[in-house]
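Numbering (the UniProt record's numbering), first residue to last: 1 to 979.
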């Protein structure tokens with residue numbers, strides 16, 4: 001209340017201006033102090049009520065705003081809330097750009113239906129352990145498995161073929177595949193003509209798509225049968241009542257229809273969304289002339305023709321050079337995918353998604369799959385795999401998180417009324433320094449994306465907003481001090497708790513006293529968390545109890561009983577009322593209810609799906625899940641579009657590979673170009689790699705009043721400089737001359753995640769080769785510790801032995817934090833110090849640390865200096881770090897990508913079938929780039945102890961390149977005898 005009051009109205013506005021917040025951020029508040037309050041439930045699909053509950057709480061704060069500003073409910077605003085899927089850099093942003101929805105994907109069980117599985121940057125065996133058997137069993141049944149990655153990963157030893165790429169070069173590799181497929185005419189022309197925008201015509205004078213109104217006087221968009229058009233004051237029906245896609249009349253008029261060239265009539269022809277999936281005899285190649293209404297003769301070309309020209313510069317030879325890959329691998333994979341039309345699954349992982357060019361990677365891989373008819377089939381599809389997401393499976397969730405706090409439904413048998421008062425924003429602006437992207441003369445963050453200043457933060461179930469956020473060490477020094485209160489709900493003491501003002505100790509999964517439910521994008525089940533009879537280990541409460549308790553406290557402080565009533569069914573121990581409302585209004589769950597009114601006996605069964613939440617909970621106690629009611633099993637995104645010719649969630653209803661919105665043309669990304677990584681590259685960073693320069697018209701640095709020679713970190717994000725594909729490897733990263741030689745990647749590992757502790761002794765022991773339960777080397781921060789993997793040849797050139805301690809330094813301009821030069825005591829805490837591990841699975845020039853290990857904090861560094869046992873453990877809180885100093889995050893910074901912050905992109909919303917444009921959380925927003933680092937490794941200390949130079953396992957001949965004769969014999973199986 002204090003913070004919200006302080007920053008309300010004109011007085012609050014002036015305070016924020018004095019604190020140098022961006023004017024656009026202050027304006028976005030609309031005078032409401034509640035807008036500086038930020039809430040986030042971590043990976044909320046893991047708890048439909050307890051974790052999603054923080055969003056419900058954010059909505060309730062509209063009551064506080066109404067009281068403070070004395071406004072009615074129409075003007076009241078709730079808090080701000082943060083994203084997750086995009087916040088974790090798990091969203092593949094090019095999926096939205098291509099198909100309009102969050103992500104195309106499939107249940108992993110469908111692997112056995114495919115003739116070939118191409119795991120692209122997805123370490124399936126490591127990151128999808130419960131689903132690993134689907135891949136290995138599919139291979140046993142004859143499915144060919146290929147891994148495409150920047151390392152020899154655990155999944156590679158389950159593969160038939162292994163292709164290694166330079167990290168971050170994935171868009172170029174995909175364009176190389178497309179070049180082969182197009183040049184050798186291996187594409188499926190019928191699928192391309194019906195399901196993609198590749199036949200649509202582009203004006204070569206403006207680079208805009210040709211529109212019917214360019215040619216036809218007084219043209220009005222045609223009527224649509226497959227799309228519902230909402231009038232200005234009309235509201236969309238509930239999700240369970242939506243039987244088709246929904247667009248407002250204003251957007252329908254704005255987007256209008258499209259034009260292709262009909263080869264039968266040799267004339268331009270109007271194409272509507274209803275014609276998605278229909279393969280007419282439309283031109284894919286050629287240049288045509290049309291007479292526009294303004295009297296011009298305009299050259300037009302099909303999108304396919306533009307992409308053919310663009311891809312022609314990415315020959316196998318050029319791609320081999322850019323991607324550090326064998327030419328034969330490009331040719332072989334392109335031909336194999338084309339040979340297996342509708343039979344190739346391409347699950348893409350977070351490896352390539354964590355680079356700044358992630359959307360371009362998606363658009364290019366989508367192109368390969370669309371050309372070969374590998375979209376939307378059980379045996380052929382694209383997918384993207386990260387953590388748990390897709391709250392859309394519970395599209396009745398708004399009845400809970402969006403219940404109108406001014407009109408609360410207290411009757412358990414009635415439905416709630418929904419009205420959203422809180423607003424979403426991306427969390428990436430917060431760890432970017434709580435600021436938007438403003439450089440030169442321009443604000444690059446679109447109006448619909450602009451965040452508000454952050455003064456209060458409350459998050460749960462995740463360490464990734466603070467304790468393991470991108471650019472964590474800069475965040476702690478430069479951003480966190482401006483935040484006036486941080487509240488964390490946790491069941492494990494993480495680095496987030498170290499820096500919090502208030503920590504609510506909440507129940508672990510084994511201690512839940514209220515039912516909840518979750519689901520998954522990789523299997524077909526709705527899983528209920530049953531109430532447990534187990535006693536709580538500590539004095540904890542459930543997440544939802546904490547929310548209800550704070551609501552009750554607000555009720556006392558404000559005198560407004562609605563804060564308390566908003567959580568009535570928590571106090572009554574009837575949380576299942578909220579769950580049943582979600583179920584009743586979710587397309588995938590409706591049917592899980594009593595066949596008669598709520599007064600019917602519980603667990604009454606009529607048919608397979610006549611169950612209430614109480615019965616689902618009872619079944620869950622016995623380990624029985626419930627099926628999601630999706631169109632197919634296994635779940636296949638894109639199935640309706642490819643098999644029933646329903647439109648995609650785009651302007652044209654087709655998969656779109658051409659983006660004619662102003663922002664994309666401005667940045668030279670109207671076609672899926674390759675961009676070099678923004679930092680994690682040996683070459684000039686973030687250059688636009690395109691040989692067909694007439695097809696793009698990016699604004700140069702000078703247009704933003706920036707210097708073309710300015711390669712500073714901030715400016716790189718918006719620097720549009722074009723080079724030809726064949727010229728990429730002739731350029732040099734500006735830090736190469738200073739000894740920065742290794743691309744540093746930070747993937748996730750099998751033994752830890754956002755929500756799983758990794759500092760348990762046994763977990764730490766198994767996290768790598770440096771585990772020692774006795775800690776014979778007292779320099780060790782814990783019984784296991786963080787490390788960097790490095791190719792032995794690279795290490796030896798740098799004078800580093802296996803097991804040595806090394807400094808890992810990224811660009812000193814802003815890492816480990818901005819201003820480190822003047823803060824030596826802070827620098828001691830935040831500069832990364834870790835072991836080096838010789839690892840032959842990495843190509844030369846690449847280094848790797850696992851993302852999951854707990855970072856060093858001020859308390860852990862103090863503990864290592866003062867604790868009698870020298871553990872890197874905070875003597876006051878018990879927080880246990882796995883680094884002596886710094887962490888993997890010392891080399892990582894926050895990035896904001898302009899084309900992910902546009903106001904014009906068409907996209908489906910999170911829940912239901914409504915298509916809008918601009919910002920949408922976890923769908924179209926900035927995602928960061930946590931693998932973007934070029935680093936320098938410097939030896940800090942010998943790995944051995946008691947005067948020994950070498951780490952003992954290396955000296956014993958047990959490590960790579962140190963192998964003794966005995967070890968070599970062991971590796972060859974020389975100790976096995978017999979027949």
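The beta-carbon is built from N, C-alpha and C at its ideal position, and this holds for glycine as well.
Item	Value
On the DSSP letters alone, give me the boundaries of the beta strand (DSSP E) that residue 987 sits inside.	Outside the displayed range of the chain (1 to 979) lies residue 987, so it cannot be described from this structure.
Select from 197, 218 and 458 the residue whose C-alpha is nearest the C-alpha of residue 282.	197
Is the beta carbon of residue 648 closer than 8 Å to that of residue 100?	yes
Please classify residue 641 as buried or exposed, where buried requires at least 16 neighbouring CB atoms within 10 angstroms.	buried
Give the secondary structure of residue 813 by DSSP, where H, G and I count as helix, E and B as strand, and everything else as coil.	coil
Could you check what DSSP says for residue 599 in three-state terms: helix, strand or coil?	Annotation note: pLDDT 43 at residue 599 (below 50); position unreliable, no value reported.
For residue 111, which three-state DSSP category applies?	helix
Of the choices 977, 628 and 485, whose alpha-carbon is the least far from that of residue 393?	628
How many Å lie between residue 980 and residue 144 at the Cα?	Limits of the chain in this structure are 1 at one end and 979 at the other, which puts residue 980 out of reach.
Can you tell me which of the three DSSP states residue 690 falls into?	coil
How many Å lie between residue 959 and residue 534 at the Cα?	45 Å
Taking DSSP as the reference, what is the three-state secondary structure of residue 37?	strand
Excluding sequence positions up to five away, which residues of its chain have a Cβ less than 6 Å from the Cβ of residue 620?	528 and 530
Helix, strand or coil: which one does DSSP assign to residue 604?	With a pLDDT of only 35 at residue 604, under 50, the local geometry of the prediction cannot be trusted, and no value is derived from it.
Buried or exposed: where does residue 545 fall if 16 or more other Cβ atoms within 10 Å of its Cβ makes it buried?	buried
Can you list, in chain order, the residues of its chain with a C-beta nearer than 6 Å to that of residue 962? Leave out the 5 residues immediately preceding and following it.	954
Return the Cβ separation of residue 63 and residue 562 in integer angstroms, given the expectation that the two are a contact with Cβ distance under 8 Å.	6 Å
Ordered along the chain, which non-local residues of its own chain (more than five positions away) have a Cβ less than 6 Å from that of residue 181?	187, 334, 338 and 371
Put residue 381 into one of helix, strand or coil per three-state DSSP.	strand
Please check the pair residue 568 and residue 742, which I expect to be a contact at CB under 8 Å, by giving their CB distance rounded to whole angstroms.	About 57 Å; that fails the 8 Å criterion.
In the DSSP output, which residue or residues are listed as bridge partners for residue 460?	41 and 489
Where residue 679 and residue 243 are concerned, what is the direct C-alpha to C-alpha distance, given to the nearest angstrom?	46 Å
Between which two residues does the beta strand (DSSP E) harbouring residue 119 extend?	116-120
Can you grab the Cα-Cα spacing for the pair residue 249 / residue 901, in whole Å?	24 Å
May I ask you to report which of helix, strand or coil DSSP gives residue 144?	strand
Helix, strand or coil for residue 551, going by three-state DSSP, please let me know.	helix
Use the C-beta contact count for residue 296: other C-beta atoms within 10 angstroms, 16 or more gives buried, fewer gives exposed.	exposed
Give a yes or no on whether the C-beta atoms belonging to residue 935 and residue 808 are separated by under 8 Å.	yes
Flag this pair as yes or no: are the beta carbons of residue 860 and residue 881 separated by less than 8 Å?	yes
Could you spell out the range, first to last residue, of the alpha helix (DSSP H) harbouring residue 339?	327-339
Can you tell me whether residue 689 is buried or exposed, with buried defined as 16 or more other CB within 10 angstroms of its CB?	buried
So the candidates are 816, 844 and 822; which of them puts its Cα closest to the Cα of residue 831?	816
Any idea what DSSP makes of residue 447, helix, strand or coil?	helix
Kindly give me the distance between the Cβ atoms of residue 212 and residue 257, rounded to whole angstroms, as I take these residues to be in contact under 8 Å.	5 Å
Please report how far the alpha carbon of residue 553 lies from the alpha carbon of residue 521, in whole angstroms.	37 Å
In chain order, what are the residue ranges of uninterrupted alpha helix (DSSP H) at least 4 long that sit wholly in the stretch 836-911?	858-866
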